[in-house]
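Numbering (this note's numbering), first residue to last: -18 to 266. Where a beta carbon is used, it is the ideal one built from N, C-alpha and C, also for glycine. Shown next, in structure tokens, is the structure this report addresses.
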């Protein structure tokens, strides 16, 4: 008796480098955007002097640590999606968990930021500017959660470039918005704080555009009440990546602390170079 031939669907498929790149490049671009936010703020604030640059350096780094935790949540959400067949289930659970995480992180940061910044910097002038910058940037954390959920959704649909197109628009909008707030074009000049507020506005603009585009896709996804068992599962999947991303961000803490002892100019200059380095590292993460 001759063996039954395998059907085409049972045969292993040949890996497609093109398909992999189509999925990987947009995700790398999303990681790259984290470094671009700090780099744009640094470039726009450059004319305000060393104190402003140093304050942006400290504030951007603190927000980068919090955003790293949210990036870890995004990795867990990707894993959760691969095990879920119902889009409404994972999207609702992901948004509830992500928004709760962002609110908790923001609350902890508001309380701890003065002490953390004081531990990094001895100059009270930098402390005050860095604190205000950090507080304005915290308003953008929930927007990062929404953007992550939309990134996961479009990747799950095999259309990651739908996310990237809007991401590029948000980054382009960040430049004129922040510039106007920093130097007072039509509004009171806010200095370094204007860069933070402009970045948060751009993040929310991008997140809302993502949501509108998502709603127009005419899918059946609805935001439902939180289900604790699903949120616990998502937290279980997310925490290893969150710890990994947090450790990656924290390994620079001692380096930043040493630099802060060398003065505002050294801190600002080194952080500018560090931002350029992150442009090379983060896409690979």
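Query	Result
Could you tell me which of 42, 153 and 116 sits nearest to residue 227, measuring between CA atoms?	42
For residue 71, is the classification buried or exposed, using 16 other Cβ atoms within 10 angstroms of its Cβ as the cut-off for buried?	buried
Under DSSP, the alpha helix (DSSP H) around residue 235 begins and ends at which residues?	234 to 241
Residue 120 by DSSP, collapsed to three states: which one?	coil
Within 10 Å of its beta-carbon, does residue 246 have 16 or more other beta-carbons around it, so buried, or fewer, so exposed?	exposed
Which same chain residues, not among the five before or five after residue 186, have their C-beta less than 7 Å away from its C-beta?	151 and 154
Label residue 39 either buried or exposed according to how many other C-beta atoms from any shown protein chain fall within 10 Å of its C-beta, with 16 as the threshold for buried.	buried
Output needed for residue 17: all residues of its chain with C-beta closer than 7 Å, excluding positions within five of it in sequence on either side, in chain order.	152
Hey, residue 127 and residue 183 are a contact pair by Cβ (cut 8 Å); roughly how many whole angstroms apart?	About 13 Å separates the two Cβ atoms, so there is no contact after all.
Less than 6 Å between C-beta atoms, sequence neighbours within five positions excluded: which residues of the same chain meet that for residue 241?	101, 102 and 248
Just how far apart, CA to CA, sit residue 61 and residue 215?	6 Å
Since residue 83 contacts residue 123 with CB under 8 Å, what's their CB separation in whole angstroms?	5 Å
Taking 7 Å as the cut-off, does the CB of residue 146 come closer than this to any heavy atom belonging to the ligand FAD?	Judged by which ligands are present, the structure shown has none, so any question about the ligand FAD falls away.
Reducing DSSP to helix, strand and coil, say where residue 131 ends up.	helix
Using the Cβ count rule (16 or more neighbours within 10 Å means buried), how would you classify residue 22?	buried
What residue from 139, 109 and 120 has the CA that sits closest to residue 268's CA?	Residue 268 is absent from the model: the chain starts at -18 and stops at 266.
If I measure Cβ to Cβ from residue 208 and keep anything under 7 Å in the same chain, skipping five residues before and after, which residues do I get?	74
With a Cβ-Cβ cutoff of 8 Å, do residue 25 and residue 50 count as a contact?	no
Does residue 171 pass the burial test, meaning 16 or more other C-beta atoms within 10 Å, or should it be called exposed?	buried
Apart from the five residues on each side of it in sequence, which residues of its chain come closer than 6 Å, Cβ to Cβ, to residue 55?	129
Going by Cα to Cα distance, which pick from 236, 117, 80 and 147 is closest to residue 195?	147
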